[in-house]
Amino acid sequence: MQINKMKFGKIKKVLLGAGLSSLLAASMSSQAHTPMNKVPNFDEFSEWVHDWEKFDTLYANEALDVLDMHLHPGSYDKLGPKGKEFVKSVFPIDLPDSLKIPLLRFFSSFQLNPYGAFIGIKNECRRAAANNCILFATYAPETWGIEPNEDLLGYLDDDRNTFNDMPFFYGLASINVADWDRDKVSNLSNLEAALSHPRIVGIKLAFAHTLTPFDDPRYFDIYKLAQKYNKPVYHHVGTSPLRKVSEFEEDQLPFVMRTFDPMYLEEAVKQFPQVKFILGHAGNDANHEGYSKIEEVFYLAEKYENAYIEISALGSERNDPNGEIMDGVLKRAKNSNILNKVIYGSDGPGSPGKTKSYKELVLESMQRVDLSFDEAQQVMAGNARRIFGIPAPSQN
Ligand SMILES: [Zn+2]
Numbered sequence: 012m013q014i015n016k017m018k019f020g021k022i023k024k025v026l027l028g029a030g031l032s033s034l035l036a037a038s039m040s041s042q043a044h045t046p047m048n049k050v051p052n053f054d055e056f057s058e059w060v061h062d063w064e065k066f067d068t069l070y071a072n073e074a075l076d077v078l079d080m081h082l083h084p085g086s087y088d089k090l091g092p093k094g095k096e097f098v099k100s101v102f103p104i105d106l107p108d109s110l111k112i113p114l115l116r117f118f119s120s121f122q123l124n125p126y127g128a129f130i131g132i133k134n135e136c137r138r139a140a141a142n143n144c145i146l147f148a149t150y151a152p153e154t155w156g157i158e159p160n161e162d163l164l165g166y167l168d169d170d171r172n173t174f175n176d177m178p179f180f181y182g183l184a185s186i187n188v189a190d191w192d193r194d195k196v197s198n199l200s201n202l203e204a205a206l207s208h209p210r211i212v213g214i215k216l217a218f219a220h221t222l223t224p225f226d227d228p229r230y231f232d233i234y235k236l237a238q239k240y241n242k243p244v245y246h247h248v249g250t251s252p253l254r255k256v257s258e259f260e261e262d263q264l265p266f267v268m269r270t271f272d273p274m275y276l277e278e279a280v281k282q283f284p285q286v287k288f289i290l291g292h293a294g295n296d297a298n299h300e301g302y303s304k305i306e307e308v309f310y311l312a313e314k315y316e317n318a319y320i321e322i323s324a325l326g327s328e329r330n331d332p333n334g335e336i337m338d339g340v341l342k343r344a345k346n347s348n349i350l351n352k353v354i355y356g357s358d359g360p361g362s363p364g365k366t367k368s369y370k371e372l373v374l375e376s377m378q379r380v381d382l383s384f385d386e387a388q389q390v391m392a393g394n395a396r397r398i399f400g401i402p403a404p405s406q407n
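This is how it looks when you write it as structure tokens:
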């Protein structure tokens, strides 16, 4: 297929005509929590969002600064086998793989590309009025695949990584934990090299995806590096949308729990009081199997100064249609006085337009539980700027 050589106008037509992009997009989101029930109007997606275009987020009639800490770059080819199977299985049209795969490849090259035209991550972040976004590296070879630190550093060093003359993207580096005993020295040094980059602001780990136990001290070397470089550690907490607990045998359960239940992280949180641990998705029950770990996440965040909560995936249309889970999390954080430890992220890009619409759902939840402007501002950007050391944008 000579698809790469098509002109942009034609590409737009293809997107419109096929109506596929949305579905693919939904399927490529890391939580896959954004199935599309309607096809977006692609006329709304300009090729590039320019710096001079102004997008505001109003809360209580004041303009909010927004920093989205959770975006996944990638491509179809970098997905792991489970991820590839998954996106093929949700492909809307019954086509042979020989046609499906090039189409998936084509759409992901726009959508999961930080600098992709129309629906690329930077365009989507800017339309969501985010002043900065954080991109994740990923090493989950079986599931979502590998987005290596080297590629992440390339995005951060790209000339297009600017917004009003400041960097737009920052990054969380990651580390391959497969074959740990054999490869740990070289993998730790790869992580260390990434951590020396000025725009790498933390470490991202997904033990539910890699089936790595939180309480296995062999992995604590990662926290030693976090401490040395003073970088927060983001852990995916709660089950993986690609590995249902019900797929495991009964006798494997005790092991699997150690990969997603944050109680098994307590020892690390205690042993490394100088390392900030960000508990991702607030322990959300990704597959609605009765394994919500929100209670445990609050236990840690209320007890330990260095435990933080990130709220992506909660409150999404699929996961939490009335926003009750999100309301509960925000209300509880307010009542227990830990809103200064709650951090916004979208887990995007999701389907086109989703980075923005997810943010709007979160703001609606904040309004329902009566957060003040200052409280909302802490969650939407202030806390992340403080703990990652990301400067606020200049006001123009
Ligand atoms: Zn994610």
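Position in the sequence shown (first residue = 1) + 11 = our numbering.
Cβ atoms here follow ideal geometry from the backbone N, Cα and C, with glycine treated the same way.
With the rule of 3 Cβ pairs closer than 8 Å, the stretch 335-350 does not count as touching the stretch 264-271. When secondary structure is reduced to three states using DSSP, N143 falls in the strand class. The Cβ-Cβ distance between A392 and M377 does not fall below 7 Å. Judged by the Cβ position, D358 qualifies as a neighbour of ligand 1 at the 6 Å threshold, a heavy atom of the ligand being closer than this. At least 7 Å separates the beta-carbon of V244 from that of L290. Classified as exposed, P209 has fewer than 16 neighbouring CB atoms from the shown chains inside 10 Å of its CB. Just measuring C-alpha positions, the residue of L78, P113, R138, G156 sitting nearest K93 is G156.
By a beta-carbon distance limit of 8 Å, S251 contacts A219. Their separation comes to about 4 Å. Collapsing the DSSP output to three states places I305 in a helix.
L167 sits close to F180, with the two beta carbons spaced by under 7 Å. Shown here, S109 sits in a helix according to DSSP, grouped into three states.
Q238 sits away from V280, with the two beta carbons spaced by 7 Å or more. In the three-state reduction of the DSSP assignment, V256 falls in the helix class. Under the DSSP assignment, H220 falls in the alpha helix (DSSP H) whose first and last residues are 218-221. Here the stretch 80-99 makes contact with the stretch 354-366; the two share three or more CB pairs at distances below 8 Å. It is roughly 31 Å from the alpha-carbon of N124 to the alpha-carbon of D232.
Annotation for I320: the continuous beta strand (DSSP E) segment containing it runs 318-321.
For K89, the closest of A184, T154, K215, K133 by C-alpha to C-alpha distance is T154. The three-state secondary structure of F231, taken from DSSP, is coil. Residue range 156-158 is occupied by the beta strand (DSSP E) that includes E158. When rounded, the separation of the alpha-carbon atoms in V390 and K352 is 8 Å. For the pair R137 and F66, the Cα-to-Cα distance works out to about 7 Å. Per DSSP, Y150 is one residue of the beta strand (DSSP E) stretching across 149-151.
With fewer than 16 other CB atoms across the displayed protein chains lying within 10 angstroms of its CB, Q263 is exposed.
Linking N172 to P265 through their CA atoms gives a straight-line distance of about 44 Å.
Contact between N134 and N160 does not hold, since their C-beta atoms are separated by about 24 Å, which reaches or exceeds 8 Å.
Taking 8 Å as the upper bound for CB-CB distance, H292 and E321 are in contact here, some 7 Å apart. Within its own chain, the residues whose Cβ lies closer than 7 Å to the Cβ of D226, once the five positions on either side in sequence are excluded, are R269, Y275, E278, listed in chain order. Listed in chain order, the alpha helix (DSSP H) runs fully inside the stretch 83-130 are 92-100, 108-122, counting runs of at least 4 residues. In this structure, V308 lies away from L325, with their beta-carbon atoms at least 7 Å apart. According to DSSP, residue pairing for K215 in a beta bridge involves Y245.
The shortest CA-to-CA distance from P152 to any of N346, L222, F174 is the one to L222.
With a beta-carbon spacing of about 12 Å, L236 and S185 fall beyond the 8 Å limit used to define contacts.
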